[in-house]
Structure formats: C-alpha cells, structure tokens
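Engineer: Letter by letter, the first sequence follows residues 30 to 605 of my numbering.
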Amino acid sequence: MRYSKTLIPTVKEVPADAEIPSHQLMLRAGLMRKVASGTYTYLPIGWRILMKIMNIVRSEMNKSGAQEMLMPSVQPMELWQQTGRNVDYGPTMAHFTDRHGRENVLAPTAEEVVTSIAAGEINSYKQMPMNLYQISFKFRDEFRPRFGVLRSREFIMKDAYSFHADEKSLDETYKVMYETYKKIFSRCGLKYAIVEAESGEMGGSGSHQFTIPCESGEDVIVQTEDGAYAANIEKAPVDALPAAAQGKVYKSIEEVHTPNQKTIGEVCEFLKTDAKSLIKSLVYKSGTDIILALVRGDFEINPEKLRSAVGKSIELADENTIRTLTGAEVGFAGPVGLTQKINKLVIDHSVLTIEAGITGANKTDYHIKNVVPGRDFPIEGKNIVVGDVRNAVESDTYQGKKLVFKRGIEVGQVFKLGTKYSGKLGAKFLDKDGTEKLCIMGCYGIGINRIAASAIETMYDKDGIVWPINIAPFEVIIVPAGNSEQIIAASESIYKELTDAGVEVLLDDRDERGGVKFKDADLIGIPIRITVGAKSLAEGNAEIKVRRESEVTKVSLAEIKANILRIIDKLKNESV
RNA sequence: CGGGGUGUAGCUCAGCUUGGCUAGAGCGUCUGGUUUGGGACCAGAAGGCCGUAGGUUCGAAUCCUAUCACCCCGACCA
30 MRYSKTLIPT VKEVPADAEI PSHQLMLRAG LMRKVASGTY TYLPIGWRIL MKIMNIVRSE
90 MNKSGAQEML MPSVQPMELW QQTGRNVDYG PTMAHFTDRH GRENVLAPTA EEVVTSIAAG
150 EINSYKQMPM NLYQISFKFR DEFRPRFGVL RSREFIMKDA YSFHADEKSL DETYKVMYET
210 YKKIFSRCGL KYAIVEAESG EMGGSGSHQF TIPCESGEDV IVQTEDGAYA ANIEKAPVDA
270 LPAAAQGKVY KSIEEVHTPN QKTIGEVCEF LKTDAKSLIK SLVYKSGTDI ILALVRGDFE
330 INPEKLRSAV GKSIELADEN TIRTLTGAEV GFAGPVGLTQ KINKLVIDHS VLTIEAGITG
390 ANKTDYHIKN VVPGRDFPIE GKNIVVGDVR NAVESDTYQG KKLVFKRGIE VGQVFKLGTK
450 YSGKLGAKFL DKDGTEKLCI MGCYGIGINR IAASAIETMY DKDGIVWPIN IAPFEVIIVP
510 AGNSEQIIAA SESIYKELTD AGVEVLLDDR DERGGVKFKD ADLIGIPIRI TVGAKSLAEG
570 NAEIKVRRES EVTKVSLAEI KANILRIIDK LKNESV
C-alpha cells in the first residue's frame with residue numbers, strides 16, 4: 030500500500046474528549062473518528078486492524094470445530110419477550126417500531142435467535158455437540174458510553190453458542206473454548222488474565238472472564254497473592270473473619286434516639302462509634318418474597334453473591350415495601366423483631382464478628398445498641414443463611430492468602446448457560462433413550478474492538494502505538510528519507526520485493542520531510558521500519574528498526590528481504 | 001437518570017467576568033520560494049450563522065431563558 034493513496038489522517042494534538050491512551054491514540058493515529066457518542070467510523074487502517082483480529086478469532090474458532098454463521102442485527106421484540114430479557118436489558122436495549130407497527134430490537138447479543146434456530150433445526154442427540162458462531166455488530170444503548178472503543182454503543186463481537194445433549198459434553202466444549210481463547214489472545218499478542226466470573230444477566234452456572242490487566246480497565250479483578258486464584262469483584266470469595274467469642278454476658282438492648290441519622294456514616298458520627306460495630310440491614314425483594322440481608326457496617330453487600338445465596342434474582346426493595354415491613358422510614362431497618370415478617374434472612378459472616386452492635390430499631394429516628402447476634406436475632410434456623418455475601422476488600426484473604434486488587438479490560442467471557450434459553454424457547458431434542466430433553470447450552474463472547482483498544486493500552490510509548498505484529502495494520506513501513514532518484518528507486522525496489530514475498534508493506538511515498546514520516550510511522554506503530562537514506566544507500570545499505578527496540582541495523586540491499594522475513598518470523602513466534 | 005463542565009476556523013484553544021466598530025492565536029490546508037534523517041523556514045491566501053431558537057439592549061460570541069450535542073463523576077452494565 031502506498032501512503033499517498035491511503036487515508037491515514039494523523040493528528041499532532043491530543044483530541045479534547047479523549048482521556049485514556051487507547052482512545053487518544055486511535056484518534057491521533059487516524060484509526061477512527063467519532064460519529065456520535067459511542068459510535069465510530071473505522072478508517073482504513075483502523076479497519077485493517079479489526080479485520081486482522083477477526084481473522085485470528087475466525088481461524089481459531091474454525092480450528093476448534095465451531096461453524097461461522099450470521100444472524101440479523103434487527104430482531105423481533107417477541108423473541109426477547111419469550112425469554113423476558115427485554116425486561117432484564119431494559120433501556121440498554123435499543124428498539125424501534127417498523128412501518129407495520131411491529132417492535133424490533135437492535136441486537137445486543139443473539140441467544141434468542143440462535144436458540145430459536147436450534148429449536149427448529151436440532152432434533153436429535155446425534156446432531157450435537159454443535160457450536161455456532163458469528164462475528165457481527167452489536168448495539169447496546171449504554172447509559173454512559175466512555176473511554177472510546179472500550180465502552181461504545183456499537184461494537185463488534187464474536188459470539189458463539191454451543192448446544193449439547195448432556196452436561197459432560199458442555200464441559201468438554203467449554204474447555205475447548207477456554208483453550209481456544211487462550212490461543213486467540215496469545216496470537217493477538219496480549220498478556221491476559223483469566224478470572225472466575227459471575228454469569229450475571231446471561232444466567233447459568235460457571236463462567237470465566239478473559240481480561241487484560243491495565244490501569245484504564247473498568248473491571249476490578251481480585252487475585253490471591255500467589256496468583257493461584259483470580260476472580261472478578263462480583264464473584265471474588267473471601268474467608269470469614271474470626272467470629273466473636275460466644276457466651277459473654279452483655280447488657281440488654283437499649284433504644285437510642287438518632288433523629289434523622291440514616292446512613293452508616295451519619296449514625297457513626299452521631300453515636301461516636303466505628304462502622305465495624307454497626308449491622309447494616311438491607312431489604313431486598315425476590316418476586317413477592319422479602320429478604321433481609323445483614324452485613325457489617327464497614328462492608329458492602331455484593332448483589333451477585335446475595336443472589337446466589339438466595340438462589341433467585343433479587344432487587345432492592347422500594348421505600349413503600351420497607352415502610353410497610355419495618356413501620357419506619359428508610360434508614361432505620363434492623364433484624365431485631367423482624368424475622369417473623371420476612372421470608373429469608375441472609376447474614377454475612379462479618380456480622381458474626383460483632384459482639385454487641387448497633388442496628389436500626391424499626392422505628393423512625395431510633396437505633397438500638399447492645400444487639401448481640403444469636404441472642405437478639407437468630408443466626409441459624411429455617412430460612413436463615415449465613416455466608417459470604419459482601420464485596421471483597423483489600424485486607425481480605427481467601428484460602429488464607431492475601432487478596433490483591435487490579436483493574437482489567439474484559440475482552441472475552443465464556444459461560445455455561447444450561448437450559449435457561451432452550452427451556453424458554455423450546456429447544457428440545459430426542460435423546461438416545463427416546464425421551465425428549467432440553468438442549469444444554471454454552472456461550473462464548475469476544476469483544477473485537479476491545480482487543481484493539483487493550484493492545485494499545487498495554488503497548489504504547491511517548492511516540493505512539495507499538496502494535497504486536499499479528500494485529501498491526503502493516504508489518505513493515507518503508508521510509509524513503511529523501512527524494513533523490515536513487516532513494517526512490519531503492520525504496521520502490523524493496524517495496525516490490527517484500528510485497529511479492531507476501532509481506533504487508535506500507536510505502537511512505539509522500540512528499541514530506543523525513544521527520545514527518547518518522548513521527549507518523551511511530552505514531553501508527555508499525556512493527557518494522559525500513560529507512561532508505563542517502564548516506565547508508567551510498568554504502569549499499571538500508572536501515573532496519575524494530576518499533577519497540579531502539580537499535581538501528583544497517584543491512585545491504587541484497588539482504589533486506591531475508592532479514593525482514595526473519596524478523597517477522599521472530600516477532601510472530603514471540604506473540605504465540 | 002442525578003451532579004459538574006464544555007460548545008468560537010478542519011484540530012487545540014483565547015476572547016465572555018466589566019456588551020461596543022473588521023472575532024483572534026497556534027497547528028493543519030492552499031500558492032510561491034528556500035529546505036529535506038525526527039512533526040522545517042520565509043512570504044502570501046483561503047477558511048466562522050461564535051451549537052440552535054427566543055429574549056434584553058441603540059448594539060450580544062459576551063447578559064437572560066429554553067433547547068440540543070458532547071465530556072467528566074456517580075448509579076447501571078457481556
């Protein structure tokens with residue numbers, strides 16, 4: 030490709046609305062331009078990068094035995110109503126009414142469509158396992174698009190869906206996908222971490238996230254000190270803190286007037302005490318059930334953990350429910366005397382570290398103190414669960430090992446879905462024994478744009494991007510430093526020789542000064558640069574420089590090709 | 001959706017507090033010349049409905065109101 034014929038609009042100045050390195054560099058290097066909040070046009074070299082990533086994903090998926098297909102971006106709302114996910118996604122799912130008055134959604138993902146295909150076309154255990162995937166645009170009307178391509182509204186996702194006759198088969202494919210993902214991210218030249226994850230909105234059991242550790246990441250990942258265990262913050266388990274000694278005698282509970290002191294902070298301030306002696310009480314609903322969750326005042330309830338403790342989806346109760354339940358304004362709920370009125374009491378371990386604590390009195394403007402867990406409210410029994418339902422914090426341990434917190438960009442996730450979708454959409458098959466069963470499913474996503482962005486986040490320097498060779502827009506850039514006939518002739522000859530050898534070469538044939546070309550080459554981040562200049566050319570040489578290294582090597586024109594091929598080979602093998 | 005902020009040349013921004021004649025700078029673009037290995041220099045030029053709509057005023061980029069867009073923090077989220 031000739032630079033002069035390509036649109037690569039690099040800019041010197043940092044665009045005003047870009048904060049993180051990948052966003053700034055993708056704009057500065059001319060990979061893309063914003064069209065509206067959260068939507069971007071990918072310009073020629075930006076698109077080349079995405080296509081390279083897609084091709085890596087495609088080749089590894091195909092090797093794994095999955096089959097590529099394509100599903101529509103516009104899907105009938107009806108399908109989403111059948112699984113109820115139109116409600117789960119809520120306003121994040123964009124939808125519109127067509128001219129016939131039908132509701133359509135802009136697909137944020139494709140479980141519904143693929144499962145309805147399976148419902149129609151997979152009828153026998155003999156057809157499974159079956160793994161179908163697509164690489165396509167997805168649309169999510171995010172509350173807040175940000176960080177350029179890291180959280181955009183429109184993005185490219187590879188989404189795969191597997192169908193199985195039994196759990197064992199799902200486990201096998203899950204494992205194959207897990208290994209395939211490792212290969213994909215390695216080939217993209219990324220240093221990734223695999224963490225255990227909650228399956229969240231997708232439903233199901235068992236999930237791993239592939240994340241790229243870096244400062245700009247939106248996800249918090251938690252690892253044990255030795256790295257043996259890693260999970261995201263939604264999942265990360267913690268060891269129970271040592272429980273308070275039993276059997277001591279404490280004063281009986283006593284009401285204290287706490288006018289208008291609703292939050293933990295306010296109560297602590299008002300009563301001159303530590304959040305560690307407060308029992309935070311939160312009211313949740315699950316359908317018509319009412320659930321009271323308790324956690325020590327200095328911790329946060331983790332909704333995902335609470336949900337798995339309850340076994341059903343949950344939501345915070347509204348003010349009216351709380352008023353009816355406690356007989357008090359929001360902010361004064363407590364477990365004492367309430368256990369008969371609720372369907373389930375979930376107590377985080379941390380509460381049991383409290384010997385005699387403070388909690389809401391279920392009476393507006395009052396709290397009670399000297400509350401002893403086990404004496405003043407039950408800590409065991411029917412409909413009472415004691416467990417780990419809070420967020421991990423930095424001082425926590427798991428399996429006795431200290432926890433370390435990092436940020437990461439989620440680039441892929443694998444889920445075991447089970448029968449959540451096949452059940453609702455009627456994806457059934459006849460098994461060996463002649464009985465009809467639901468297909469068991471897995472699903473596997475990869476964010477294509479996020480791979481590009483996280484590669485930049487982890488590989489850039491003051492001059493620009495430093496692409497790993499497998500996803501670089503070009504492998505080699507030739508910079509003629511000068512415009513003499515000899516320089517141009519030599520550059521053209523190298524360009525032809527390498528292009529003929531199958532190397533992806535960008536020839537900077539612009540009528541610009543050397544400095545401009547060097548700056549652009551570095552900014553765009555092409556892994557290998559060949560400089561053809563008057564001095565070295567006089568000696569029959571050109572210069573080779575690898576972007577991420579500082580040395581410049583002089584190589585005779587005759588040996589350029591062999592050298593370049595060797596360097597490319599080396600760089601490619603490093604990233605595998 | 002709550003809080004904060006910004007909209008002025010293709011890009012980055014000044015001017016607005018305290019209204020005043022022709023609205024500026026740097027970068028980029030175009031022309032000519034000198035340059036030519038790390039974003040050159042000189043001379044000249046083009047480029048603006050000051051986000052949009054109302055209002056106040058003799059007069060509005062500047063003050064007021066509304067509205068739209070974008071950014072940041074929060075809540076939410078593969």
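Where a beta carbon is used, it is the ideal one built from N, C-alpha and C, also for glycine.
1. How far does the beta strand (DSSP E) with Gly416 in it extend, from its first residue to its last?
2. Helix or strand or just coil, what does DSSP make of Phe299?
3. Any idea what DSSP makes of Pro174, helix, strand or coil?
4. When you compare each of Ala501, Ile262, Lys461, Ala269 to Asn420 by their alpha carbons, which one comes out closest?
5. On the three-state DSSP scale, how would you describe Asn592?
6. Is Met231 helix, strand or coil when you go by DSSP?
7. In terms of residue numbering, what span does the beta strand (DSSP E) encompassing Thr253 cover?
8. Would you identify the three-state DSSP class for Asn372, choosing helix, strand or coil?
9. In this structure, what does DSSP give as the bridge partners for Met98?
10. Give me, in chain order, the residues of the same chain whose beta-carbon lies closer than 6 Å to that of Val205; leave out the 5 immediate sequence neighbours on both sides.
11. Measuring only the C-alpha atoms, how far is Ala45 from His52?
12. Buried or exposed, going by whether 16 or more other CB atoms sit within 10 Å of the CB of Arg542?
13. When the Cα atoms are used, what is the spatial distance from Ile37 to Gly119?
14. Please report the straight-line C-alpha distance between Glu254 and Val433, rounded to a whole angstrom.
15. Ordered along the chain, which non-local residues of its own chain (more than five positions away) have a Cβ less than 6 Å from that of Asp551?
16. Can you give me the start and stop residues for the beta strand (DSSP E) that Ser236 sits inside?
17. Return the Cβ separation of Ile213 and Val86 in integer angstroms, given the expectation that the two are a contact with Cβ distance under 8 Å.
18. Please state whether DSSP places Arg539 in a helix, a strand or coil.
19. Can you list, in chain order, the residues of its chain whose CB lies under 7 Å from that of Glu207, leaving out five sequence neighbours each side?
20. What whole-angstrom Cβ distance do Thr287 and Asp394 have, given they're in contact under 8 Å?
21. By how many angstroms is the C-alpha of Gly441 removed from the C-alpha of Cys472?
22. Alpha carbons only, please: which of Leu321, Asn349, Gly437 is nearest the one belonging to Leu367?
23. Going by DSSP, what residue range makes up the alpha helix (DSSP H) through Glu42?
24. Give the secondary structure of Ala65 by DSSP, where H, G and I count as helix, E and B as strand, and everything else as coil.
25. So, under 8 Å CB-CB, Ala259 and Val251 are touching, yes? Tell me the CB distance rounded to an integer number of Å.
26. Just the C-alpha distance for Arg558 and Ala518, rounded to the nearest angstrom, thanks.
27. Which residues does DSSP list as the beta-bridge partners of Met159?
28. Beta-carbon separation of Asp200 and Tyr162 under 8 Å?
29. In angstroms with no decimal places, state the Cα-to-Cα distance between Met231 and Leu446.
30. CA-CA distance, Glu533 and Met30?
31. Using a Cβ-Cβ cut-off of 7 Å (strictly less than) and excluding sequence neighbours within five positions of Gln290, which residues of its own chain qualify?
32. Give a yes or no on whether the C-beta atoms belonging to Gly177 and Ala482 are separated by under 8 Å.
33. So, do the segment 496-505 and the segment 168-182 have three or more beta carbon pairs nearer to each other than 8 Å?
34. Do you know offhand how far Pro608's Cα is from Ile185's?
35. Please name the residue in Pro509, Ile376, Gln156 whose C-alpha comes closest to that of Ser565.
36. Rounded to whole angstroms, what's the CA-CA distance from Lys314 to Val414? Just pull it up for me.
Structural biologist: Checking against the coordinates, here is how it stands:
1. 413-416
2. helix
3. coil
4. Ile262
5. helix
6. Residue placement at Met231 is poorly supported in this model, since its pLDDT is 48, which falls under 50; the coordinates still yield a value, given next. Correct three-state label for Met231: helix.
7. 248-253
8. coil
9. Looking at the DSSP assignment, Met98 forms no beta bridge with any residue, so it has no partner.
10. Ser93
11. 11 Å
12. exposed
13. 39 Å
14. 6 Å
15. Asp492, Gly493
16. 236-242
17. 6 Å
18. coil
19. The question names Glu, yet the displayed sequence has Tyr at residue 207. The residues are His237, Val443.
20. 6 Å
21. 11 Å
22. Leu321
23. Taken as a continuous stretch (DSSP letters only), Glu42 belongs to no alpha helix (DSSP H), as it is neither H nor E.
24. strand
25. 7 Å
26. 17 Å
27. Phe192
28. no
29. Low per-residue confidence applies at Met231: pLDDT is 48, beneath 50, and the placement is therefore not dependable, though the value from the model is reported in the following sentence. Their Cα atoms are separated by approximately 7 Å.
30. 8 Å
31. Val296, Phe299
32. yes
33. no
34. As shown, the chain starts at 30 and ends at 605. That puts residue 608 outside it, with no answer to give.
35. Pro509
36. 16 Å
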